[in-house]
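Here is the structure we will look at.
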Amino acid sequence: MDFKQIQELVKMINKSNISELSIEQDKFKITIKQKDNEVQQVITVPATMAPVQAVAAVTPAAAPATAAPAAAPAAPAKADNLVTIKSPMIGTFYRSAGPDKAPFVNVGDEVTSGKVVCIIEAMKLFNEIESEVSGKIVKVLVDDASPVEYDQPLFLVEP
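Shown next, in the form of structure tokens:
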């Protein structure tokens, strides 16, 4: 089995209800397990993102002491209904298919479940990242061509 076949298996497992898959061929054996709590993370993300947005809003306005208390309550109230699209892998984040191409999505664009929102390059492979939710892109959280970590928030979506 080559790396591309393994990658396709992982994609199919992620899109299905299968929690574990084992394959044995001659001297080759692979087991792919899917975390049971992946879906739960998507549901609980808006609550965890609220403080992060509040900190981001407070940091630039930290100089005026009166602006910080006003910014902190406003950001969580607005971010309560937002869903986060997270990075499924470590790699380099790209908003478009190429330097001369338009971004897959911009702030204000409507996305549907399964629509490609970005590309993450990992080990010289370009992986299309699809939205798991339908809604409107509210914020792009990562700069183009910057490194991302596993589970790092990439986009905020208003369902």
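Using the working numbering, count along the sequence shown one by one with no gaps and you end on 160.
Ideal Cβ placement from N, Cα and C applies to all residues, glycine included.
Since this is a predicted model, take the numbers as computed values, not measurements.
(request) Mark SER147 as exposed unless 16 or more other C-beta atoms lie within 10 angstroms of its C-beta, in which case mark it buried. (result) Residue environment for SER147: exposed (fewer than 16 other C-beta atoms within 10 angstroms of its C-beta).
(request) Starting from VAL84, follow the beta strand (DSSP E) in both directions and report where the run begins and ends. (result) Residues 84 to 87.
(message) Check for me: the beta strand (DSSP E) holding GLN35 runs from which residue to which?
(response) Neither: GLN35 is in no beta strand (DSSP E) and is coded neither H nor E.
(request) Give the DSSP-derived three-state secondary structure of PHE29 in the structure shown. (result) Shown here, PHE29 sits in a strand according to DSSP, grouped into three states.
(request) Could you tell me the distance, in whole angstroms, from the CA atom of SER132 to the CA atom of ASP3? (result) Rounded to whole angstroms, SER132 to ASP3 spans 27 Å at the Cα level.
(request) Report yes if the CB atom of TYR95 is closer than 7 Å to the CB atom of ILE130, and no otherwise. (result) Not in contact: TYR95 and ILE130 (Cβ atoms no closer than 7 Å).
(message) With distance defined between alpha-carbon atoms, name the residue in THR113, ASP145 and MET124 nearest to GLN8.
(response) It is MET124.
(message) Are the CB atoms of GLU21 and LYS30 within a distance shorter than 7 Å?
(response) With respect to the 7 Å criterion, LYS30 and GLU21 are not classified as neighbours on the basis of their beta carbons.
(message) Below 8 Å on the Cβ atoms is my contact criterion, and I expect ILE138 with VAL108 to pass it. Report the Cβ-Cβ distance as a whole number of Å.
(response) Right, their Cβ atoms sit about 5 Å apart.
(message) Rounding to the nearest angstrom, what Cα-Cα distance links LYS140 and VAL158 in this structure?
(response) Distance from the CA atom of LYS140 to the CA atom of VAL158, rounded to whole angstroms, is 7 Å.
(message) Within a Cβ cutoff of 8 Å, which residues of the same chain sit near ASP110, ignoring the five residues on either side of it in sequence?
(response) Correct list, in chain order: LYS137 and ILE138.
(message) By the DSSP assignment, the beta strand (DSSP E) with PHE4 in it spans what residues?
(response) Per DSSP, PHE4 belongs to no beta strand (DSSP E); it is in the alpha helix (DSSP H), 4 to 16.
(request) Taking only the alpha-carbon atoms, compute the straight-line gap between GLN6 and MET13 and give it to the nearest angstrom. (result) Whole-angstrom Cα-Cα distance: 11 Å.
(message) Within 10 Å of its beta-carbon, does SER88 have 16 or more other beta-carbons around it, so buried, or fewer, so exposed?
(response) Only buried fits SER88, as 16 or more other CB atoms lie within 10 angstroms of its CB.
(message) Using a 10 Å radius around the Cβ and a threshold of 16 neighbouring Cβ atoms, would you call THR85 buried or exposed?
(response) Flag for THR85 reads buried.
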